[in-house]
Amino acid sequence: MPQPSASDRRQSVRTGVVWDGVRRLLDGDGTAAPAAEQARIVDVGGGTGGFAVPLAELGHTVQVIDPSPDALASLDRRARERGVADRVTGQQGDLSDLPTLAAEVDLVLCHGVLEMVDDPAASLAAIAGVLRPGGHLSLLVAQRHAAVVARAMAGHFQAARELLDGDPAAGSGASRGGRRFTHDELGDLLGDAGLQASSVQAVRVFADLVPGSLLDLEPGATAALVELERAVATRPEYLPLATQLHVIAGR
Ligand SMILES: C[S@@+](CC[C@H](N)C(=O)[O-])C[C@H]1O[C@@H](n2cnc3c(N)ncnc32)[C@H](O)[C@@H]1O
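Below, the structure is given as structure tokens:
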């Protein structure tokens, strides 16, 4: 069996915990959702299909909405190569177009997108509006406190200080690096959109701090790191240390 590449190994560390959350939801763990054998899923900002294509391989129908024609071309190629082109649709569009592009879906994935939109509150309301009653949102966003630490560790102390009490991009649209959210801010935004979080996970607590060379050279290090990330993902004390927060929210 071919060994995974270094980039595949790093990707597994970055997305392992998020996949766990999405799989638990779709498998129906008794707390988040009834099992959906063939769910109707929208992956908004789904890009090249890193989630959409594997979800289609599990039998689900996935509509990817993304403004980037290049990303959609890669998505199309990937879906054809993996034999799931009949279950994956790519559509050029923006999160704000969602109400005209989709309706009554079981699950919306919004991973790494809320950071970039002009109006996060309106975006979450648009997502809530296309979910069927009982449907769910899988939301992955950058978490602010980890970004403060990362700036300080890189010697950018002023930038760390500016980010400490609030995101300078928050009021005026997303900055180049995008917005970052705290757990509390996210709870308020979701509540205002009529969505309620059923689970919150800390994502990439250690992954961005571990040198890539360690994972490349040390046998078994990647698997051990993925296990460690899993072990802390649901511990609330690790949420402010996580690069990202993964929330499953229901309507
Ligand atoms: C950081 S990537 C995340 C890709 C994918 N969701 C993932 O987790 O791997 C952000 C994606 O959002 C898309 N995007 C940017 N602004 C958007 C918007 N306003 N509405 C929808 N998608 C957007 C980009 O084209 C890009 O594919």
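Heads up, the sequence shown is in our numbering, so the first residue is -18 and it goes up one at a time. By construction, the Cβ of each residue, glycine as well, lies at the ideal position given by its N, Cα and C atoms.
query	result
For the alpha helix (DSSP H) that Leu53 lies in, which residues bound it at each end?	Pro50 to Glu62
Tell me which same chain residues have a C-beta within less than 7 Å of the C-beta of Ala135, skipping the five on either side of it?	none
Looking only at its chain, what residues have a beta carbon closer than 7 Å to the beta carbon of Arg132, apart from the 5 residues adjacent to it on each side?	Ala140, Ala141 and Leu144
At a threshold of 7 Å, does Val239 count as lining ligand 1 (C-beta to nearest heavy atom)?	Limits of the chain in this structure are -18 at one end and 232 at the other, which puts residue 239 out of reach.
Report the CB separation of Val111 from Leu88 in whole angstroms; it is logged as a contact under 8 Å.	Wrong, their Cβ atoms sit about 11 Å apart, outside the cutoff.
Output yes or no for whether 8 Å exceeds the beta carbon distance between Gly284 and Ala123.	Residue numbering for the chain in the displayed model covers -18 to 232; residue 284 lies beyond these limits and cannot be assessed.
With DSSP as the reference, label Gln182 as helix, strand or coil.	strand
Taking DSSP as the reference, what is the three-state secondary structure of Leu88?	strand
Count Cβ pairs between the region 195 to 207 and the region 88 to 107 that sit closer than 8 Å; are there 3 or more?	no
Report yes if the C-beta distance between Gly74 and Arg232 is below 8 Å; otherwise report no.	no
Cβ of Phe162 versus every heavy atom of ligand 1: is any distance shorter than 7 Å?	no
Buried or exposed: Leu195, going by 16 or more other Cβ atoms within 10 Å of its Cβ?	exposed
Which residues in the same chain have their Cβ closer than 7 Å to the Cβ of Ala19, if we skip the five residues on either side of it in sequence?	Residue 19 is actually Gln in this sequence, not Ala. Contacts found: Gly40, His41 and Thr42.
Per DSSP, Gly231 forms a beta bridge with which residues?	His117 and Gln177
Any heavy atom of ligand 2 closer than 7 Å to the CB of Pro35?	Absence of ligand 2 from the depicted structure is noted, with ligand 1 being the only ligands included.
What does a CB cutoff of less than 6 Å around His126 pick up in its chain, not counting 5 residues either side in sequence?	Pro221
Is Gly175 close to chain D, meaning its C-beta is less than 8 Å from at least one C-beta of that chain?	Judged by its chain identifiers, the structure shown contains no chain D, having just a single protein chain.
Residues in its own chain within less than 8 Å of Arg59 by CB, not counting five upstream and five downstream?	Thr29, Gly30 and Val34
Leu90 to Asp51, Cα distance in whole Å?	20 Å
Is Phe32 near ligand 1, with its Cβ less than 7 Å from a heavy atom?	yes
Going along the chain, which residues of its own chain have a beta-carbon closer than 6 Å to the beta-carbon of Ser180, five neighbours each way excluded?	Ile229
At a cut-off of 7 Å, would you count Met134 as near ligand 1, judging by its Cβ distance to the nearest heavy atom?	no
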